[in-house]
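Protein chains in written order, with the working numbering: chain U, 2 to 296; chain V, 275 to 583; chain R, 43 to 443.
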Amino acid sequence: MATFLGINLFGLFGQLLVGLINGSFYALLSLGLAIIFGLLKIINFAQGAMYMLGAFFAWMALQYMGINYWAALIFVPLAVGAIGILMERFLLRPIANEDHLYSLLLTFGLALILQGAFTHMFGSSGMSYAIPEELKGGNRLPFMYLPNYRAWIIIASLAVCVATWYMIEKTKLGAYLRAGTENPQLMQAFGINVPLIVTLTFGFGVGLAGFAGVMAAPVYSVSPDMGSNMLIVVFAIVVIGGMGSIGGAILTGLGMGVVEGLTKYFYPEASTTVIFAVMVIVLLTKPAGLFGKEA
Amino acid sequence: MQINKTAVALIGLGLVAPFVLYPVFLMKVLCFALFACAFNLLLGFVGLLSFGHAAFLGTGGYITGYMMLHVGLTPELGILCGTIAAGLLGAVYGKLAVKREGIYFAMVTLALAQLVFFLYLQAPFTGGEDGMQGIPRGNLFGFIDLNNNMYMYYFVFAIFLFGFWLVNRTIHSPFGQILKAIRENEPRAVSLGYNVNDYKWAAFVISAALAGLAGSTKTLVFQLASLTDAHWHMSGEVVLMTLLGGMGTIFGPIVGAASVVAIQNYLSGGELGNYIHIIMGLIFVVCVLAFRNGIVGEIQKVIKRNFGN
Amino acid sequence: MKSLKKSLLSAAVASVFAVSGAQAAGISDDKVKIGVLADMGGVYADVCGPGCVTAVKMAVEDFGGTVLGKPIEIVSADDQNKPDIGSAKVREWVESQGVDAVTGLVASSVTGAVTKVLTDNKKIALISTSASHAFTTKACSPYNAHWTYNVVSLANGTVKPMVKDGKKKWFFITADYAFGHALEKVASGVINKNGGEVVGAVRAPLGTTDFSSYILQAQSSGADVVALANAGSDFINSLKTAAEFGLTEMMDVAGLLVFTPNAQALDPAIAGGMKLTTGFYWDLDDQTREWSARFKERHGSIPAMGQAGAYSMTMHYLNSIKEAGTDDADAVMKVMKKNKPNDFFARNAYLRNDGRMVHDMYQVRIKKANERKNADDIYVVEKVIPGDEAFQPMMAQCDFK
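The structure is reproduced here in structure tokens:
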């Protein structure tokens with residue numbers, strides 16, 4: 002076994018890789034949150050529930066309709082996004098002019114309803130979703146055995162994150178989006194349908210959570226509280242990254258996964274607290290977050 | 275005047291209630307009512323939404339539990355220790371959090387509370403997932419046996435009244451007036467020369483200490499301190515209680531806490547147990563969409579409209 | 043006013059009669075009320091939960107629905123595996139609803155809190171599914187009866203033979219609460235005593251969704267055996283992840299507490315061949331098959347050991363009330379300990395003075411796919427472990443006569 006300065010390198014690399022896998026989920030979820038926050042100034046407390054919904058939709062699609070993983074990977078995010086669009090149009094828009102705290106509370110309530118409804122229907126012990134045939138098995142790396150599916154998680158999440166970042170920062174559509182954030186009135190005056198952009202953005206952000214849910218279904222157990230456990234960590238990540246920063250959300254998500262992996266190796270007891278500790282340090286030194294602009 | 279009359283009526287109700295209803299249930303209501311009052315001081319009168327108040331409830335509970343179990347203090351001293359500990363934690367967290375506003379404030383308090391939650395999950399003295407079990411209720415002032423539910427009830431009632439009185443004193447003091455000024459128009463308060471953050475911080479500390487008092491008392495009632503009290507769901511629950519009862523009203527948190535605890539109690543026994551989350555969520559949604567004044571707020575509006583002078 | 047006075051008076055008179063009537067029969071408040079407390083929808087719902095309620099109902103029906111001429115009532119509640127929720131519920135049951143005994147009792151953390159409340163109120167705890175041995179050792183009480191199994195019997199049944207077989211180095215993945223800690227401690231004791239060593243352990247929170255980092259730690263530990271000191275869906279998830287990361291091919295994985303629904307839920311390709319210890323298996327003989335068939339008809343699945351235990355202990359409790367002529371806890375416990383339970387579940391059984399129900403345990407092996415005749419055919423019973431070998435000896439301070 003390779004060691005360096007008394008550190009078991011194989012174990013360390015293994016934990017780092019697992020950290021990166023978890024980080025991929027953090028990145029997807031915090032990216033969705035950041036996009037929504039950027040445009041709507043809403044903290045979507047239901048983002049975790051949407052992630053849970055994505056996993057359950059994938060499970061139900063396979064169980065009841067025989068829709069396989071690959072199809073689910075496309076359809077489920079669309080379905081979750083559609084739910085998000087309905088939510089924005091009929092629940093959030095009526096209170097858009099009230100204090101933003103109300104929209105936070107509303108999404109919190111929705112998260113409770115969704116979690117409660119799924120607990121009622123499926124119990125909280127969790128369902129299992131088989132890893133798709135094509136991605137079974139794995140490769141023996143020098144330092145660990147990497148299951149193919151876990152490698153796929155990193156690749157697919159990164160691809161989606163980078164594509165999203167590119168779309169928002171480098172395309173015309175993204176320019177509208179960013180302009181809509183800065184000055185909605187002016188955009189409206191230019192004849193651009195801002196409410197429609199807002200609705201679609203919300204749907205997209207929520208759809209990302211649905212995508213993460215499908216990705217998670219084969220490796221985490223599909224259970225009603227999978228989202229709420231994840232959400233709080235993701236909130237901390239968004240605070241660390243700087244709210245509303247797209248690139249910041251992706252980098253911080255991946256980075257915090259790695260930090261967690263490191264902690265799991267060196268001091269496992271602190272692995273659940275480390276992200277929050279980082280958050281406190283960041284708040285003390287850079288209140289707007291690592292990549293955020295001072296409000 | 276109106277408030278005094280209502281208060282007297284409520285005190286009368288509180289005195290006779292344990293002869294009609296199960297005292298432990300009533301004590302739970304009182305503990306949560308105090309918690310919600312403490313929270314409302316911050317949300318309703320300063321306009322700060324803390325999403326991390328469970329940290330103070332939990333801290334009060336654990337410290338009191340530890341003092342009763344391992345140091346052998348009398349209940350009143352145990353509760354005092356829990357309250358002070360929560361207040362100190364509030365002082366630190368408040369310093370960090372009041373720099374931020376609105377949603378940022380909510381997120382920061384949430385994340386800070388989560389830090390505490392995981393500490394309690396890991397720290398050996400809390401018993402982690404098992405909770406701190408078998409905490410004695412002890413003898414109040416060394417001679418009143420609190421194992422008697424009736425004595426315990428009146429002790430809890432007295433604590434609640436003290437907390438409620440303190441919140442009201444704070445609101446109606448000059449200090450409270452400044453808090454309200456901050457809520458209404460922060461830039462103006464700044465331009466009048468007030469150090470806004472200091473005022474917010476002081477309100478945060480009072481609120482945290484009172485939340486700790488509620489947690490300490492609850493621990494004594496149930497003889498157990500557990501992670502549930504420090505979990506972020508609890509932070510959400512107190513928001514719900516306050517919102518449902520009417521934020522920024524004097525009696526709203528009490529009504530809200532009583533309603534929520536009663537609903538939970540009713541549902542937990544029967545077949546409907548699974549619906550607790552759904553119903554709580556629905557209440558949230560309905561309150562936010564259509565009912566932002568809460569029960570007491572709406573009643574006050576009706577009274578004003580019909581009997582206003 | 044007058045009519046109020048009158049009705050109060052008549053109510054008082056009626057209650058006096060009710061009390062005296064009850065004393066004649068020795069049944070408090072004219073009924074025997076049994077509470078079933080369990081995790082109804084969480085990680086342990088399958089291993090007790092609604093199934094335990096069904097089992098207790100079956101016992102009450104089989105007993106005839108009444109004891110000493112008084113009705114037997116059942117109430118149930120969900121503890122969500124949270125000690126605060128469970129103990130508050132039980133406090134309400136005994137203080138304001140006249141519950142005489144509480145059964146079910148799954149997560150050891152909840153049972154720890156609940157038994158304290160019950161003992162304070164002199165009511166009986168009939169523990170069916172909890173694993174920790176604390177309730178009959180360091181937290182023993184004259185009002186505890188612990189049926190089915192405990193961590194000591196698991197360690198003696200599963201760990202000891204493996205260590206003797208030459209599997210000397212062990213690594214633990216432990217559920218981070220009372221049950222997991224107790225199991226790890228007892229199993230480590232057995233390992234050390236038999237010449238093995240524990241090379242490491244990690245604590246995973248109850249309901250962990252991702253076990254991959256724990257599995258990696260196990261992998262780099264250089265152990266011969268990775269012991270899963272967890273249960274329910276935690277066990278399923280950790281074993282699945284172990285298989286995904288190829289751990290099952292590198293070293294032995296031992297499930298220390300496996301309930302039939304969990305063994306059933308696992309892919310035989312992953313779980314087949316694993317040896318484990320159980321307090322009950324439905325397909326042991328005609329008696330177990332007969333009862334299990336009845337249970338399956340009502341519940342939809344074969345019984346887990348705690349569910350069979352819940353039936354057995356409820357039956358023994360009711361029989362003891364009948365013989366004692368009262369539902370007074372002290373008197374009933376005395377009879378429960380004096381008479382030996384003997385039914386489809388309790389073989390060569392007796393309730394020891396410390397509250398430990400000692401009975402035959404079974405060492406079983408999970409069948410591979412090609413050995414299974416149907417979905418319920420999951421174990422081969424390899425060995426019967428006599429109760430006195432399986433459980434811990436009694437501690438002197440727990441000898442409640």
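From the three backbone atoms N, C-alpha and C, an ideal C-beta is built for every residue, glycine too.
DSSP-derived helix/strand/coil call for residue i
i	result
residue 67 of chain R	Note that residue 67 of chain R scores 49 on pLDDT, short of 50, meaning its location in the model is unreliable; the coordinates nonetheless yield the value given after this. Helix at residue 67 of chain R.
residue 131 of chain U	coil
residue 291 of chain U	coil
residue 299 of chain R	coil
residue 141 of chain U	strand
residue 519 of chain V	helix
residue 270 of chain U	helix
residue 475 of chain V	helix
residue 190 of chain R	coil
residue 148 of chain U	strand
residue 404 of chain V	helix
residue 198 of chain R	helix
residue 85 of chain R	coil
residue 372 of chain R	helix
residue 179 of chain R	coil
residue 344 of chain R	coil
residue 270 of chain R	strand
N- and C-terminal bounds of the alpha helix (DSSP H) containing residue i
i	result
residue 327 of chain V	Careful: residue 327 of chain V lies outside any alpha helix (DSSP H) and carries neither H nor E.
residue 553 of chain V	550–564
residue 282 of chain R	274–286
residue 427 of chain R	It is not in any alpha helix (DSSP H) - residue 427 of chain R instead sits in the beta strand (DSSP E) that spans 421–427.
residue 60 of chain U	48–66
residue 357 of chain R	347–366
residue 150 of chain R	150–162
residue 461 of chain V	460–465
residue 103 of chain U	101–123
residue 235 of chain U	227–242
residue 580 of chain V	568–581
Residue range of the unbroken beta strand (DSSP E) whose run includes residue i
i	result
residue 505 of chain V	It is not in any beta strand (DSSP E) - residue 505 of chain V carries neither H nor E in the DSSP assignment.
residue 405 of chain R	403–408
residue 216 of chain R	211–217
residue 78 of chain R	74–80
residue 319 of chain R	317–320
residue 167 of chain R	166–169
Integer Cβ distance of residue i from residue j, believed to fall under 8 Å
i	j	result
residue 278 of chain R	residue 308 of chain R	6 Å
residue 434 of chain R	residue 199 of chain R	With a Cβ gap of about 13 Å, residue 434 of chain R and residue 199 of chain R do not count as contacting.
residue 155 of chain U	residue 21 of chain U	6 Å
residue 49 of chain U	residue 232 of chain U	3 Å
residue 498 of chain V	residue 407 of chain V	6 Å
residue 289 of chain R	residue 196 of chain R	Contact doesn't hold; Cβ gap of about 21 Å is too wide.
residue 263 of chain R	residue 270 of chain R	Not confirmed; about 14 Å, so no contact.
Segment contact flag, the segment 263–270 of chain U with the segment 35–45 of chain U, C-beta cutoff 8 Å, min 3 pairs: no
Quick check: the segment 158–165 of chain R against the segment 388–395 of chain R, are there 3 or more CB pairs under 8 Å? no
Length-filtered (3 minimum) beta strand (DSSP E) runs lying within the segment 377–406 of chain R: none
Entirely within the segment 222–268 of chain R and at least 4 residues each: give me those alpha helix (DSSP H) ranges in chain order. 254–261
Report the start-end ranges of each alpha helix (DSSP H) in the segment 91–143 of chain R that is 4 residues or longer and not cut off at the edges. 91–105, 125–138
Using a Cβ distance threshold of 8 Å, determine whether the segment 448–458 of chain V contacts the segment 470–487 of chain V, with at least three qualifying pairs required. yes
Fully enclosed by the segment 158–211 of chain U, which alpha helix (DSSP H) runs are 4 residues long or longer? 173–183, 185–190
Every unbroken alpha helix (DSSP H) inside the segment 421–455 of chain V [4 residues or more]: 423–446
Which runs of the alpha helix (DSSP H) spanning at least 4 residues fall entirely within the segment 304–377 of chain V, listed in chain order? 328–340, 349–371
Does the pairing of the segment 373–382 of chain V with the segment 230–241 of chain U give three or more beta-carbon distances under 8 Å? yes
Pairs of beta-carbons, one from the segment 392–403 of chain R and one from the segment 180–189 of chain R, closer than 8 Å: are there three or more? yes
Any 3 or more C-beta pairs closer than 8 Å across the segment 212–230 of chain R and the segment 335–354 of chain R: no
Meets three-Cβ-pair contact criterion under 8 Å: the segment 398–407 of chain V and the segment 512–530 of chain V: no
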